[in-house]
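A short write-up of the structure that comes next.
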Amino acid sequence: MEIIKEGPSASRPPILDDAEEQASVGNARAINVIFNGVDLNVFKLIDSCTTAKEAWKILEVAYEGTSKVKIFRLQLVTSKFEALKMIEDETASEYNERVLEIANDSLLLGEKIHESKIVRKVLRSLPRKFDIKVTAIEEAQDITTLKLDELFGSLLTFEMAMLDRESKKDKRIAFKSVYDQENTVNQFGNEANQDESIALIIELFSKMARKFKSLNTAGKTEKMEDVMVRTL
1 MEIIKEGPSA
11 SRPPILDDAE
21 EQASVGNARA
31 INVIFNGVDL
41 NVFKLIDSCT
51 TAKEAWKILE
61 VAYEGTSKVK
71 IFRLQLVTSK
81 FEALKMIEDE
91 TASEYNERVL
101 EIANDSLLLG
111 EKIHESKIVR
121 KVLRSLPRKF
131 DIKVTAIEEA
141 QDITTLKLDE
151 LFGSLLTFEM
161 AMLDRESKKD
171 KRIAFKSVYD
181 QENTVNQFGN
191 EANQDESIAL
201 IIELFSKMAR
211 KFKSLNTAGK
221 TEKMEDVMVR
231 TL
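This is the structure we're talking about:
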């Protein structure tokens, strides 16, 4: 008779059916992909997770926050888009970067802003110096199919033309200012020369007047002496 001694039984893994085994393999692959796709700091948050679903939930909270936080952040991005306006001294290139940043923020939060909506917003938010260009674009283009990069390409070209005209205008103004200053200096110089000439003439006239006065006085004295001699 065989005697079976009592003792601790060896633990055996549970027997899985085909569906459970496939699910287990899929979970192992998924969690392995997640583990390999994050950096060390993030891995510390999920290294104890046994399922891919559990790890993914933690990552969602870490990267996007809870659903309420996500909604709040999306509202902020939407408000920024609605208030979007090009600053007067801002270049078209700088404005393009701001527009794309807001669009990307919205996309990361799961809300894609349609390109035609962005195009219409940009056209409405430009300064008055772009009015002529906006009118030309709206008359020549189908706004519903116009690409954002094409729009900003047109705005950049128009902006460069404006800057070139302003540069030439500034040069003309600067040249006119220098010319006016030279004329003013020349005018003052001519007036100074005229004043010197007049002063010289007055001085000569005064000398001549004194000389004639001396001669007249001498003549009168001689006549008086003749009269006195005759009287005697």
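All letters in the sequence shown, in the order written, are residues 1 to 232 by full-length UniProt numbering. For each residue, glycine too, the CB sits at the ideal point set by N, CA and C. Because the structure is a prediction, the values reported are computed rather than measured.
Check, Outcome
"D105 - DSSP class collapsed to helix/strand/coil", "helix"
"Between the CA atoms of A62 and F72 - distance to the nearest angstrom", "16 Å"
"Neighbour-count burial assignment, A28, 16 or more Cβ in a 10 Å radius", "exposed"
"Residue 233 versus S116, F130, R165, L156, residue with shortest Cα-Cα distance", "Residue numbering for the chain in the displayed model covers 1 to 232; residue 233 lies beyond these limits and cannot be assessed."
"Neighbourhood of K118 by C-beta, 7 Å cutoff - its chain only, sequence neighbours within 5 removed", "As written in the sequence, residue 118 is Ile, which differs from the Lys given in the question. These residues qualify, in order along the chain: V99, A103, L148."
"K68: first and last residue of the uninterrupted alpha helix (DSSP H) it sits in", "67-82"
"Coil, strand or helix - I31 by DSSP", "helix"
"Straight-line gap, R210 to I198 (C-alpha atoms, nearest Å)", "18 Å"
"Extent of the continuous alpha helix (DSSP H) run through L126", "No alpha helix (DSSP H) contains L126, which DSSP labels as neither H nor E."
"M86 (DSSP reduced to helix, strand or coil)", "coil"
"Sequence-distant residues of the same chain with beta carbon closer than 7 Å to E53, five excluded per side", "What sits at residue 53 in the sequence shown is Lys, not Glu. Same-chain partners within the cutoff: there are none."
"Spatial distance of L84 from I113 (CA atoms)", "14 Å"
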